[in-house]
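Below is one structure, written out as structure tokens; the observations come after it.
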Amino acid sequence: MGLRLYNTLTRAVETFTPLDPAGRQVGLYCCGPTVYDYGHIGNFRTFVFADLVRRFLEYRGYTVRHVMNITDVEDKIIRRVAETGLTLAAYTGRYETAFFEDAQALNLLPPHHRPRATEHMGEIIALVERLLARDFAYQAADGSVYFSIDKYRAAGRPYGCLAKLNFDEMRVGERVKSDEYAKESVADFALWKARAPEDGAVFWPSPWGDGRPGWHIECSAMSMKLLGPSFDLHLGGEDLIFPHHEDEIAQSEGADLQGPGQPFVRHWLHGAHLLVEGRKMSKSLGNFYTLRDLLAKGFNGREIRYLLLSAHYRESFNFTIEGLQGARSALGRIDECLSKLEERAGAAPAAATEVDPALLERFAAALEDDLNISAAWAAVFDWIRDLNRRLAEGALTPTQATAALATWRRLDAVLALGGPTAAEAPAPMLALLEARQAARRAKDFARADAFRLELKSQGWLVEDTPKGPRLKRT
RNA sequence: GGCGGGGUAGCCAAGUGGUAAGGCAGGGGUCUGCAAAACCCUUAUGCGUCGGUUCGAUUCCGACCCUCGCCUCCA
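Read left to right, the first sequence gives residues 1 to 474 (my numbering).
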């Protein structure tokens, strides 16, 4: 039936068709991190969502070119740079590195391109010049260059299509003091910000004097450079719909680099925000978690990934520690089944690996329906139960077990949870286990249980199976 | 005020004009020396409230209540 995705631009689920005439290549841009601090769990929900989109496209056979920008110059960053006395590069480098470490913990596929704003001043300036030349921008008295929404609209160009703005009803400028800027109109946004004293050493030369890029322009410049002036998918958090993405459209289409009838972006996808412990995440409520906070609490990346992947991307999701515990149990259920499959498969010939087409179809059909991950999970867990049943009945042949494992690997190309990490028990633990076995053989169960308790206190759980006992890390 | 999401079991969360997926947690059972794991059974006569349409609505329509988000630099 083909992949169907919700498009924020049309507010409808649409069949996804790539721009590529051959239908193979897909250009995907996702707004990346502003590297001024460690990424929080809300940021990572968006990136896990983007990773799901990418992986599922690849699963469906598309060749994805994935671009994610690094915003490494921006108000908050400049403030921090001034506070810390570090150079811009030293400051942002630290958080950029941290970001990719976190991304790796969540098993996010690295984007093919990770352009930094500070390394694209040439492209940014060229784009601003082009907008000035087309009279969609102006330099104000404060030296900054702004995009003129009035001129843009006067030229018959639509503004506000993505956010569905109603200009007559909008309370423009309520949150921004209109005298703060030299803009012609409060709704105008900065393309290039003139250097201010508090910017310190953070500025670049430009035809309009020293300064730095506005917030939105980097994404337009870098996405069009790497993916072309018109590309398939642009993702981000829902808060970016306005103004960021709306302005990106205006800038990018205002530059008129697209072919006739081609939009800047064909398909806009936005991930919903997260609630944490039922409330909007905030530092004062104590429910603000960075990825690192959660790792420090003893949860691992795959547990966090699983939880973030458990709900539909367009629904706000309540992220809780209790949910993380549940994720651990659910993953344990999957791992348990996979371990048993591996045990059963033994050295069954790899040639006999046929995947389970019914499961794969159900799984893919769910995801094709606007990434209905919940339905996909239902398919996976039904399959796990069925496998467990057959395993328990001894009805699963080694060849079938091998096939099931191959099927899991196919699914896991999308889910990216990996398999169980088979921890080898150290020799002293194995000795304790053997001592317990001896006691059991002698029917000295009190002694056997004492050994089991000892093992448990060392972090190893004993499970007696028909093939003998085995140790599992707790 | 404008725009847009939500309200489904203890928790998380799918879904459909024909009688409620899946996960976690709970209860009972099978298996086990006992456990663990697994399996089986069980946990919403009900899907925010009140009306309406319909043979039939949780699903469509209307009103209302509650809740969350965006409305200029926050994923």
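Even for Gly, the Cβ is constructed at its ideal location relative to N, Cα and C.
- Under DSSP, T63 takes part in a beta bridge, and its partners are Q25.
- Looking at the DSSP output, E14 shares a beta bridge with L5.
- When beta bridges are read from the DSSP output, C337 appears opposite no residue.
- Look at the segment 214-280 and you find these whole runs of beta strand (DSSP E), each 3 residues long or longer: 231-237, 265-271, 274-276.
- Between the alpha carbons of A379 and F147 lies a distance of about 49 Å.
- The DSSP-derived three-state label of F299 is coil.
- Annotation for Q437: the continuous alpha helix (DSSP H) segment containing it runs 427-441.
- In the DSSP secondary-structure assignment, P420 is not bridged to any residue.
- By the C-beta criterion, the segment 362-376 is judged to be in contact with the segment 51-70, since at least 3 inter-stretch pairs fall below 8 Å.
- Assigned with DSSP and collapsed to three states, K472 falls in strand.
- Assignment of L453 by DSSP, reduced to helix, strand and coil, places it in the helix class.
- Looking at the DSSP output, G211 shares a beta bridge with A194, W204.
- For A137, no alpha helix (DSSP H) run applies; the uninterrupted beta strand (DSSP E) run containing it begins and ends at 137-139, by DSSP.
- Counting C-beta atoms within 10 angstroms of its own C-beta, Q251 has 16 or more neighbours from the protein chains shown and is therefore classed as buried.
- Looking from the CA of K193, the closest CA among A140, Y306, E424 belongs to A140.
- Counting along the chain, V145 sits inside the beta strand (DSSP E) bounded by residues 145-147.
- Looking at D142, G143, V128, the one whose alpha-carbon comes closest to that of F136 is V128.
- With a contact defined as Cβ atoms closer than 8 Å, A413 and V355 miss out at about 12 Å.
- A straight-line Cα-Cα distance of about 29 Å links T97 and H312.
- Excluding residues up to 5 positions away in sequence, A221 lie with their Cβ nearer than 8 Å to the Cβ of A126 in the same chain.
- Setting aside the 5 residues that flank it on each side, F189 is surrounded in the same chain by F147, D247, each with a C-beta closer than 6 Å to its C-beta; the list follows chain order.
- Closest option to T118, judged by alpha-carbon separation, among A154, G214, A182: G214.
- For A133, the closest of M121, Y152, H40 by C-alpha to C-alpha distance is Y152.
- Between L3 and F16, the C-beta gap is smaller than 7 Å, which places the two residues in contact.
- Here the alpha carbon of I373 sits roughly 16 Å from the alpha carbon of E303.
- Judged by pairs of C-beta atoms under 8 Å, the segment 9-26 does not touch the segment 197-208, as fewer than three such pairs exist.
- Measuring C-alpha to C-alpha distances from P111 to each of A442, P357, G32 identifies G32 as the nearest.
- Taking the Cβ atoms as the reference, P469 lies roughly 6 Å from L433, within the contact range of under 8 Å.
- Annotation for V48: L106, L108, R305, L308, L309 place their beta carbon closer than 8 Å to its own, counting only its chain and skipping 5 residues before and after.
- Taking C-beta atoms as the reference points, A448 and R441 fail to come closer than 7 Å.
- Per DSSP, D199 lies in no alpha helix (DSSP H) and is assigned neither H nor E.
- Leaving aside the five residues that flank E253 on each side, the residues in its chain whose CB is nearer than 6 Å to its CB run, in chain order, F264.
- Taking all protein chains shown into account, K467 has fewer than 16 neighbouring C-beta atoms within 10 Å of its C-beta and is therefore exposed.
- Among the bridge pairs identified by DSSP, R116 is matched with I70.
- With a cutoff of 7 Å on beta-carbon distance, D293 and P420 are scored as not near each other.
- Of the candidates H113, Q104, A196, the residue whose Cα lies closest to the Cα of R79 is A196.
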